[in-house]
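Novice: Dropping a structure here in structure tokens format, bear with me for questions.
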Amino acid sequence: GAVVSQHPSRVICKSGTSVKIECRSLDFQATTMFWYRQFPKQSLMLMATSNEGSKATYEQGVEKDKFLINHASLTLSTLTVTSAHPEDSSFYICSAWGAGELFFGEGSRLTVL
Amino acid sequence: DQQVKQNSPSLSVQEGRISILNCDYTNSMFDYFLWYKKYPAEGPTFLISISSIKDKNEDGRFTVFLNKSAKHLSLHIVPSQPGDSAVYFCAASYNQGAQKLVFGQGTRLTINP
Chain A
1 GAVVSQHPSR VICKSGTSVK IECRSLDFQA TTMFWYRQFP KQSLMLMATS
51 NEGSKATYEQ GVEKDKFLIN HASLTLSTLT VTSAHPEDSS FYICSAWGAG
101 ELFFGEGSRL TVL
Chain B
1001 DQQVKQNSPS LSVQEGRISI LNCDYTNSMF DYFLWYKKYP AEGPTFLISI
1051 SSIKDKNEDG RFTVFLNKSA KHLSLHIVPS QPGDSAVYFC AASYNQGAQK
1101 LVFGQGTRLT INP
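Chains as they are written, first to last, in my numbering: chain A, 1 to 113; chain B, 1001 to 1113.
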């Protein structure tokens, strides 16, 4: 079946640094990918819709200059958390539609010290 | 504003018995509902879905019921197995099969042997 892969699965960084998370569709092309964030004991919150070849669409309250999304190819979207702070520590998950089903990546746990 | 709510953060069920997970929603525009299962450190995986034109959808041990007048859906798992222990998220979307999903907070199901 269709697979979506994220990398890295875990990342620890210092406050003020930037972190890039990759989301790849391994055996299908995805013109649209989605980025979610999940805080402990809370629901998955949609952050943005990543569109191949165009600008991402951000949900209300999500800072586009802080969470940079690039969808340069049909199989890769990247999320860069710029100038990360401890409050950005969370579980970030991407998803993409393939064969009529929404597939999720494994998630990336970001810890900002 | 939590549009999709799972009011039970956890549920414990004996192996072989029925597990019932509940989900409520507030937005009457939602017309497609899904259940996802999530293991620790993994992304959610699709379980079962239902369109608003139906009130029941069954797939093996999993059945989803939709009560549109009450804006309530439930997932029944019978018989419950230890491998069913996971966090279950319900999700809703505005258009039939639309790509943007709104998730509930999740319910942690534990199946006891």
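In this text, a Cβ means the ideal position worked out from N, Cα and C, and glycines have one as well.
If I measure Cβ to Cβ from residue 1065/B and keep anything under 6 Å in the same chain, skipping five residues before and after, which residues do I get?
Specialist: By one-based count along the second sequence, residue 1065/B stands at place 65. Answer for residue 1065/B: 1056, 1074, listed in chain order.
Novice: With 8 Å as the threshold, decide whether the Cβ of residue 21/A is near any Cβ in chain B.
Specialist: Mapped onto the first sequence, residue 21/A falls at position 21. Not closer than 8 Å to any Cβ of chain B, the Cβ of residue 21/A fails to qualify, so no.
Novice: Can you name the start and end residues of the beta strand (DSSP E) that residue 90/A belongs to?
Specialist: Walking along the first sequence from the start, residue 90/A turns up at place 90. Looking at the DSSP string, the run of the beta strand (DSSP E) that includes residue 90/A is 90-98.
Novice: If the cut is a Cβ gap below 9 Å, which residues of chain B does residue 52/A touch?
Specialist: Start at 1 with the first residue of the first sequence, and residue 52/A comes out as number 52. Going along chain B, no residue has its Cβ under 9 Å from residue 52/A, so there is no contact; the nearest lies around 13 Å.
Novice: Does residue 1044/B pass the burial test, meaning 16 or more other C-beta atoms within 10 Å, or should it be called exposed?
Specialist: As a position in the second sequence, residue 1044/B is number 44, starting the count at 1. It is buried - the Cβ of residue 1044/B has at least 16 other Cβ atoms within 10 Å.
Novice: Does chain B have any CB closer than 8 Å to the CB of residue 90/A?
Specialist: As a first step, residue 90/A must be located in the first sequence, where it is residue number 90. It does not; no Cβ of chain B falls within 8 Å.
Novice: Going along the chain, which residues of the segment 63-95 of chain A sit with their C-beta nearer than 7 Å to a C-beta in chain B?
Specialist: Within the segment 63-95 of chain A, the qualifying residues are 93.
Novice: Is residue 114/A close to chain B, meaning its C-beta is less than 8 Å from at least one C-beta of that chain?
Specialist: Here chain A comprises residues numbered 1 to 113, so residue 114/A is not present and cannot be evaluated.
Novice: Within the same chain, show all residues whose beta-carbon is closer than 7 Å to that of residue 39/A, passing over the 5 residues directly before and after it, in chain order.
Specialist: By one-based count along the first sequence, residue 39/A stands at place 39. So the qualifying residues of the chain are 90.
Novice: Do residue 3/A and residue 23/A come within 8 Å of each other at the CB atom, strictly closer than that value?
Specialist: Taking the first sequence and counting its residues from 1, the one referred to as residue 23/A is at position 23. Taking the first sequence and counting its residues from 1, the one referred to as residue 3/A is at position 3. Going by C-beta atoms, residue 23/A is not nearer than 8 Å to residue 3/A.
Novice: Can you tell which of 1103/B, 1107/B, 1007/B has its C-alpha closest to the C-alpha of residue 1033/B?
Specialist: For the purposes of this step, residue 1033/B is identified with residue 33 of the second sequence, where counting begins at 1. It is 1103/B.
Novice: Is it buried or exposed, residue 41/A, if we count other Cβ atoms within 10 angstroms and call 16 or more buried?
Specialist: Locating residue 41/A in the first sequence gives position 41, counting from the first residue. It counts as exposed.
Novice: Determine the chain B residues that contact residue 98/A at a beta-carbon separation under 8 Å, and present them in chain order.
Specialist: Position 98 of the first sequence holds residue 98/A. In chain order: nothing, as chain B lies at least about 11 Å away.
Novice: Decide if residue 1059/B is buried, meaning its Cβ has at least 16 other Cβ atoms within 10 Å, or exposed.
Specialist: The residue you call residue 1059/B lines up with position 59 of the second sequence. Flag for residue 1059/B reads exposed.
Novice: Examine the Cβ distances between the segment 1007-1015 of chain B and the segment 64-78 of chain A and report whether three or more of them are shorter than 8 Å.
Specialist: As far as the Cβ criterion goes, the segment 1007-1015 of chain B does not touch the segment 64-78 of chain A, which means the pair count is below three.
Novice: Looking only at its own chain, which residues have a Cβ that is under 6 Å from the Cβ of residue 52/A, when we skip the five neighbours before and after it?
Specialist: Along the first sequence, one-based indexing puts residue 52/A at 52. Answer for residue 52/A: 31, 71, 74, listed in chain order.
Novice: Could you round the C-beta distance between residue 1062/B and residue 1048/B to whole angstroms and report it? I think they count as a contact, below 8 Å.
Specialist: Looking up residue 1062/B in the second sequence gives position 62. Looking up residue 1048/B in the second sequence gives position 48. Going by Cβ atoms, the distance from residue 1062/B to residue 1048/B rounds to 5 Å, so yes, they are a contact pair.
Novice: At the 8 Å Cβ level, is residue 1092/B part of the contact set with chain A, yes or no?
Specialist: Against the second sequence, residue 1092/B aligns to sequence position 92. Residue 1092/B does not count as touching chain A.
Novice: Applying the criterion that 16 or more other CB atoms from any shown protein chain within 10 Å of the CB defines a buried residue, is residue 50/A buried or exposed?
Specialist: In the first sequence, counting from the first residue as 1, residue 50/A sits at position 50. So residue 50/A counts as buried.
Novice: Quick one: what's got a C-beta closer than 7 Å to residue 1084/B's C-beta in the same chain, skipping five residues either side?
Specialist: The sequence position of residue 1084/B within the second sequence is 84, counting from 1. The residues are 1019, 1077, 1109, 1111.
Novice: Can you tell me whether residue 1037/B is buried or exposed? The criterion is at least 16 other CB atoms within 10 Å of its CB, across all chains shown.
Specialist: Taking the second sequence and counting its residues from 1, the one referred to as residue 1037/B is at position 37. Burial call: buried.
Novice: Could you check if residue 1053/B is buried or exposed, using at least 16 other CB atoms within 10 Å of its CB as the buried criterion?
Specialist: As a first step, residue 1053/B is located in the second sequence; it is residue number 53 there, counting from the start. It counts as exposed.
Novice: Does DSSP put residue 101/A in a helix, a strand or coil?
Specialist: Taking the first sequence and counting its residues from 1, the one referred to as residue 101/A is at position 101. Of the three classes helix, strand and coil, the one that applies to residue 101/A here is strand, per DSSP.
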